[in-house]
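Numbering (my numbering), first residue to last: 314 to 443. Comments concern the structure below.
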Amino acid sequence: MSHFTHLKTRFQTLSYLKKALIKLNISHKEQERNASKLGSLTSNVNLVIPQSNGYDIEFNWNGQEYELVTDLSFWKQPYPIESFIDKIAQQYAGEVIIGESQKTGFQTISSRQNIDGSNTIVLERWNKMN
314 MSHFTHLKTR FQTLSYLKKA LIKLNISHKE QERNASKLGS LTSNVNLVIP QSNGYDIEFN
374 WNGQEYELVT DLSFWKQPYP IESFIDKIAQ QYAGEVIIGE SQKTGFQTIS SRQNIDGSNT
434 IVLERWNKMN
(Lines of atoms letter the chains of each structure in order from A and count residues from 1; the text may use other names and numbers.)
(Lines give C-alpha, C1' and ligand atoms only; values in the text may rest on other atoms or scores of the structure.)
Protein backbone atom coordinates (compact mmCIF):
# COMPACT_ATOMS: atom_id res chain seq x y z
CA MET A 1 0.00 0.00 0.00
CA SER A 2 1.31 3.43 -0.90
CA HIS A 3 1.65 6.12 1.72
CA PHE A 4 2.44 9.45 0.15
CA THR A 5 4.40 11.96 2.17
CA HIS A 6 3.80 15.67 1.55
CA LEU A 7 6.73 17.81 2.67
CA LYS A 8 6.32 21.56 2.78
CA THR A 9 9.04 23.66 1.20
CA ARG A 10 9.62 27.35 0.61
CA PHE A 11 9.92 26.90 -3.15
CA GLN A 12 7.52 29.43 -4.63
CA THR A 13 8.98 30.24 -8.04
CA LEU A 14 8.95 27.53 -10.68
CA SER A 15 11.80 29.00 -12.74
CA TYR A 16 14.17 29.11 -9.75
CA LEU A 17 13.23 25.57 -8.74
CA LYS A 18 13.93 24.32 -12.27
CA LYS A 19 17.30 26.12 -12.36
CA ALA A 20 18.23 24.59 -9.01
CA LEU A 21 17.41 21.07 -10.25
CA ILE A 22 19.38 21.65 -13.45
CA LYS A 23 22.46 22.88 -11.56
CA LEU A 24 22.26 19.82 -9.30
CA ASN A 25 21.97 17.53 -12.38
CA ILE A 26 18.60 16.22 -11.19
CA SER A 27 16.63 15.25 -14.26
CA HIS A 28 13.01 16.33 -14.17
CA LYS A 29 10.08 17.01 -16.42
CA GLU A 30 7.15 19.37 -16.30
CA GLN A 31 3.66 18.02 -15.86
CA GLU A 32 0.67 20.17 -16.76
CA ARG A 33 -2.14 20.30 -14.24
CA ASN A 34 -5.80 20.53 -15.10
CA ALA A 35 -6.18 24.30 -15.53
CA SER A 36 -9.94 24.24 -14.90
CA LYS A 37 -9.32 23.39 -11.23
CA LEU A 38 -6.90 26.25 -10.72
CA GLY A 39 -7.46 29.86 -9.80
CA SER A 40 -6.01 32.52 -12.06
CA LEU A 41 -3.03 33.21 -9.77
CA THR A 42 -1.81 29.65 -9.29
CA SER A 43 0.70 27.69 -11.32
CA ASN A 44 -0.50 25.04 -13.72
CA VAL A 45 2.79 23.12 -13.82
CA ASN A 46 4.21 20.54 -11.41
CA LEU A 47 7.72 19.11 -11.63
CA VAL A 48 8.30 15.36 -11.71
CA ILE A 49 11.60 13.67 -10.92
CA PRO A 50 11.47 10.20 -12.47
CA GLN A 51 12.89 7.29 -10.50
CA SER A 52 14.01 4.00 -11.99
CA ASN A 53 11.41 2.07 -9.97
CA GLY A 54 8.50 4.05 -11.45
CA TYR A 55 7.60 5.76 -8.16
CA ASP A 56 8.37 9.33 -9.14
CA ILE A 57 9.06 12.29 -6.86
CA GLU A 58 6.87 15.31 -7.49
CA PHE A 59 6.93 18.98 -6.64
CA ASN A 60 3.25 19.95 -6.62
CA TRP A 61 1.91 23.48 -6.35
CA ASN A 62 -0.43 23.75 -3.34
CA GLY A 63 -1.46 27.36 -3.90
CA GLN A 64 1.39 28.83 -1.85
CA GLU A 65 4.48 26.74 -2.57
CA TYR A 66 5.76 23.62 -4.28
CA GLU A 67 5.55 20.74 -1.84
CA LEU A 68 7.51 17.55 -2.32
CA VAL A 69 5.27 14.51 -2.69
CA THR A 70 6.72 11.00 -2.62
CA ASP A 71 6.24 7.53 -1.22
CA LEU A 72 9.20 7.13 1.14
CA SER A 73 8.97 3.33 0.84
CA PHE A 74 10.18 3.69 -2.74
CA TRP A 75 12.82 6.42 -2.27
CA LYS A 76 15.66 5.71 -4.74
CA GLN A 77 17.93 8.73 -4.47
CA PRO A 78 21.63 8.62 -3.54
CA TYR A 79 21.01 10.42 -0.25
CA PRO A 80 18.25 10.65 2.37
CA ILE A 81 15.23 12.85 1.70
CA GLU A 82 16.34 15.50 4.23
CA SER A 83 19.69 15.90 2.45
CA PHE A 84 17.93 15.89 -0.91
CA ILE A 85 15.67 18.77 0.10
CA ASP A 86 18.55 20.65 1.77
CA LYS A 87 20.66 20.47 -1.40
CA ILE A 88 17.79 21.73 -3.52
CA ALA A 89 16.92 24.46 -0.98
CA GLN A 90 20.51 25.73 -0.91
CA GLN A 91 20.70 25.89 -4.70
CA TYR A 92 17.20 27.42 -4.91
CA ALA A 93 18.21 30.19 -2.47
CA GLY A 94 21.21 31.03 -4.63
CA GLU A 95 19.02 31.19 -7.73
CA VAL A 96 16.58 33.52 -5.94
CA ILE A 97 19.41 35.82 -4.83
CA ILE A 98 20.89 36.01 -8.32
CA GLY A 99 17.55 36.34 -10.12
CA GLU A 100 16.05 38.96 -7.84
CA SER A 101 19.32 40.93 -7.72
CA GLN A 102 19.45 41.06 -11.51
CA LYS A 103 16.00 42.67 -11.49
CA THR A 104 17.47 45.61 -9.57
CA GLY A 105 20.54 45.99 -11.76
CA PHE A 106 23.10 43.73 -10.08
CA GLN A 107 25.35 41.41 -12.04
CA THR A 108 26.89 38.19 -10.78
CA ILE A 109 30.67 38.50 -10.59
CA SER A 110 31.39 35.08 -9.16
CA SER A 111 29.69 32.14 -7.52
CA ARG A 112 31.46 29.26 -5.79
CA GLN A 113 30.81 26.43 -3.40
CA ASN A 114 33.06 26.50 -0.36
CA ILE A 115 34.72 23.51 1.29
CA ASP A 116 32.22 23.64 4.16
CA GLY A 117 29.32 23.28 1.70
CA SER A 118 28.23 26.92 1.83
CA ASN A 119 28.05 29.08 -1.28
CA THR A 120 29.54 32.51 -1.87
CA ILE A 121 27.96 34.80 -4.46
CA VAL A 122 29.56 38.13 -5.37
CA LEU A 123 27.31 40.71 -7.04
CA GLU A 124 27.98 44.23 -8.24
CA ARG A 125 25.97 47.17 -9.54
CA TRP A 126 27.32 50.32 -11.09
CA ASN A 127 25.53 53.59 -10.47
CA LYS A 128 25.31 55.82 -13.51
CA MET A 129 26.53 59.34 -12.94
CA ASN A 130 24.69 62.10 -14.80
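Positions of the beta carbon are idealized from the N, C-alpha and C atoms, including for glycine.
For glutamate 345, the three-state secondary structure derived from DSSP is strand.
Among the bridge pairs identified by DSSP, asparagine 432 is matched with Gln426. Exclusion of the five residues before and after histidine 319 leaves Glu380 and Val382 as the residues of its chain whose Cβ lies within less than 7 Å of its Cβ. Distance between glycine 407 and serine 431, taken at the CA atoms: about 10 Å.
Leaving aside the five residues that flank threonine 421 on each side, the residues in its chain whose CB is nearer than 7 Å to its CB run, in chain order, Ile411, Ile434 and Leu436.
Residue burial is scored here from C-beta neighbours: isoleucine 401 has at least 16 other C-beta atoms within 10 angstroms and is therefore classed as buried. Look at glutamate 395 here: in three-state DSSP terms it is helix. Rounded to the nearest whole angstrom, the CA to CA distance from glutamine 390 to threonine 417 is 37 Å. In the assembly as shown, tryptophan 439 is an exposed residue. Its beta-carbon has fewer than 16 other beta-carbons within 10 Å.
Counting of Cβ neighbours within 10 angstroms places isoleucine 428 among the exposed residues, the total staying below 16. Of the candidates Leu334, Trp374 and Lys441, Trp374 places its Cα closest to the Cα of glutamine 325.
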